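Sequential numbering from 2 applies to the sequence shown in this note's numbering.
Before any comments, here is the structure.
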Amino acid sequence: MTPAAGALDDPAALEAADRGGMLRLVASGAAHVRQAVALTAEAGLAEALQGAGRPRAVIITGPGDAGHVVAALCGSGCPVPVLCVDGDVLPGWIGGNDLVCALGDAAFDLAAQAVRRGAAVVGVGPADARLRSLATQNRLLYVPLPPPTGPVRALLWAQIVPVLLVLRGLGLVAAPDEAIEAAALRLEDVAHRCRPSGEPFVNPAKQLALDLSGTLPMPWGSTPLELAAARRLAAQLADNAKVAVALPLPGSLDAAAPDADDFFRDRTEDPESAVHLVFLSEEGNAAREPVAETAAARGIAVSVLSGEGGHPLERAASLLCLADYASVYLALALGKDPTPVPARAEIAARTS
2 MTPAAGALDD PAALEAADRG GMLRLVASGA AHVRQAVALT AEAGLAEALQ GAGRPRAVII
62 TGPGDAGHVV AALCGSGCPV PVLCVDGDVL PGWIGGNDLV CALGDAAFDL AAQAVRRGAA
122 VVGVGPADAR LRSLATQNRL LYVPLPPPTG PVRALLWAQI VPVLLVLRGL GLVAAPDEAI
182 EAAALRLEDV AHRCRPSGEP FVNPAKQLAL DLSGTLPMPW GSTPLELAAA RRLAAQLADN
242 AKVAVALPLP GSLDAAAPDA DDFFRDRTED PESAVHLVFL SEEGNAAREP VAETAAARGI
302 AVSVLSGEGG HPLERAASLL CLADYASVYL ALALGKDPTP VPARAEIAAR TS
């Protein structure tokens, strides 16, 4: 489905179609960063870190992309492994020497298991979550999210920042106050450039949304941060725009679009949508060139989102915010409400 020309030109129409206010939530990223800093301090971070030694490993659990972004920001230089764990059962090796960061009530069971095993646990989630009760009963650090005004996936930075501050306090990641504020400023800058009133030719998120319409997006990255940003873009395109997304597998690049000049080709074999590669790139990363050139040689369209800023946290802010905006604009261009995810709700109902 390809949107009609001008589908993203009218700010009033975009606001009316965005019934859950997802654009407003994406624009609140900078506020979420600063709120998270204050909420983490108020929750007692300094007290929680007193006498705390370095854990053997850090495990981040809970749905969403925050854990993968934090792990990418810790990087290969982190003195302990930082792992994301899904599912209902903690790996058997996790115990009293480890730190478990639980994000939201979806991580409640794993957090409870970690408490029973004697692991240190930090919780981040809604103020009224069951996870908070678990934290209170066991005198654990719990950082509340800002008041719920939308789906948790729209509160990415309110989840990332508390975990980063805990890991910074343990000496596991370099995230100085200046870098955190620079990330907030970068989020404000991207929000200004991607504002609803901006025309598509000056609004990079609107332009990417129009480029991706009617295609099969394939987010791609190579560094840990790029891979985390590509994962976020894929998840947001699926949840917000309700479109299928291709895994970044080299063999899929051979599924090139048919030659439009071949009049005698069998059109029954044409793919319903052509692959569109989106490379999420940190500044100076030359790894994208072979991928982009290989795709271009096959007639595959390529878009590049470039991270901006000196600190990895700032580059993450620019990539993730642009990805979020593009997914919302694609939803609105296709006439879809970006906030609800009916399939996710139906699966949850069938498994409850």
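Note that the Cβ used here is the ideal one computed from N, Cα and C, for glycine as well.
Treat the numbers as computed from the prediction; the structure is a model and nothing was measured.
Segment limits, alpha helix (DSSP H) that includes residue i
i, result
"H193", "178–194"
"D313", "A quick correction: the sequence has Pro, not Asp, at residue 313. Start and end: 313–334."
"I348", "343–352"
"V292", "289–298"
Proximity of residue i and residue j at Cβ, strictly below 8 Å
i, j, result
"P220", "A210", "no"
"G172", "R55", "yes"
"A275", "L217", "yes"
"D89", "D110", "yes"
"V162", "C102", "no"
"A115", "L132", "no"
"S304", "D212", "yes"
"G1", "G63", "Nothing about residue 1 can be read from this structure; the chain reaches only from 2 to 353."
"S282", "S307", "yes"
"L15", "V191", "no"
"P147", "L156", "yes"
"L104", "A67", "yes"
"E284", "E309", "yes"
"G170", "L46", "yes"
"L335", "A242", "yes"
"R299", "D255", "yes"
"V83", "R57", "no"
"G126", "P225", "no"
"F280", "A297", "no"
Run of the beta strand (DSSP E) containing residue i, from where it starts to where it stops
i, result
"A302", "302–307"
Nonlocal neighbours in the same chain, by C-beta distance under 8 Å from residue i, ignoring five residues either side
i, result
"D338", "A18, D19, R20, G21, A332"
"T150", "G22, L26"
"D10", "E200, P201"
"A13", "none"
"F264", "Only weak support exists for where F264 lies, its pLDDT of 49 falling under 50; the coordinates are left without a value."
"R345", "D240"
"S253", "M219, A247, V276"
Sheet register partners of residue i (DSSP bridge)
i, result
"A275", "T216"
"C75", "Its beta-bridge partners do not exist; DSSP assigns none."
"V83", "V59"
"F280", "W221, V305"
"L100", "V59, A121"
Close Cβ partners of residue i (< 6 Å) along its chain, the five nearest in sequence each way excluded
i, result
"A288", "S223"
"A130", "D106"
"A318", "A184, R187, L188"
"L141", "V122"
"T340", "G21, M23"
"V164", "V71, C102"
"R246", "Checking the displayed sequence, the identity of residue 246 turns out to be Val instead of Arg. Once the five neighbours on either side are set aside, the close Cβ partners of V246 are P218, A235, L238, A239."
"R233", "D66, L321, A324"
"C195", "N204, A206, Y326"
"A261", "Reliability fails at A261, whose pLDDT of 48 lies under 50, so the model's placement of it is uncertain and the value that follows must be treated cautiously. So the list is empty, once near-sequence residues are dropped."
"W94", "none"
"R268", "Note that R268 has pLDDT 42, beneath the 50 cutoff, so the model's placement of it is unreliable and the number below is only indicative. Nothing listed; no residue qualifies."
"A8", "A334"
"A350", "none"
"Q208", "P201"
Contact set for residue i: own chain, Cβ-Cβ below 7 Å, skip 5 residues either direction
i, result
"H33", "P147, L156, W158, A159"
"L314", "L74, A176, A180, I181, A184"
"A44", "L142, Y143, V144"
"V342", "D240"
"A112", "V101, A103, V122, G124, L132, L135"
"H69", "C85, A229, R232"
"R154", "G65, D240"
"L91", "L111, Q114, A115"
"V174", "L74, C75, C79, L165, L168"
CB contact below 8 Å: residue i versus chain D
i, result
"S253", "Here chain D cannot be found, since the structure has a single protein chain."
*At which residue ranges does the stretch 102–162 contain complete beta strand (DSSP E) runs of 3 or more residues, listed in the order of the chain?*
121–126, 142–145
*Quick one: complete alpha helix (DSSP H) runs, 4+ long, within the stretch 8–73?*
12–18, 23–28, 30–43, 46–50
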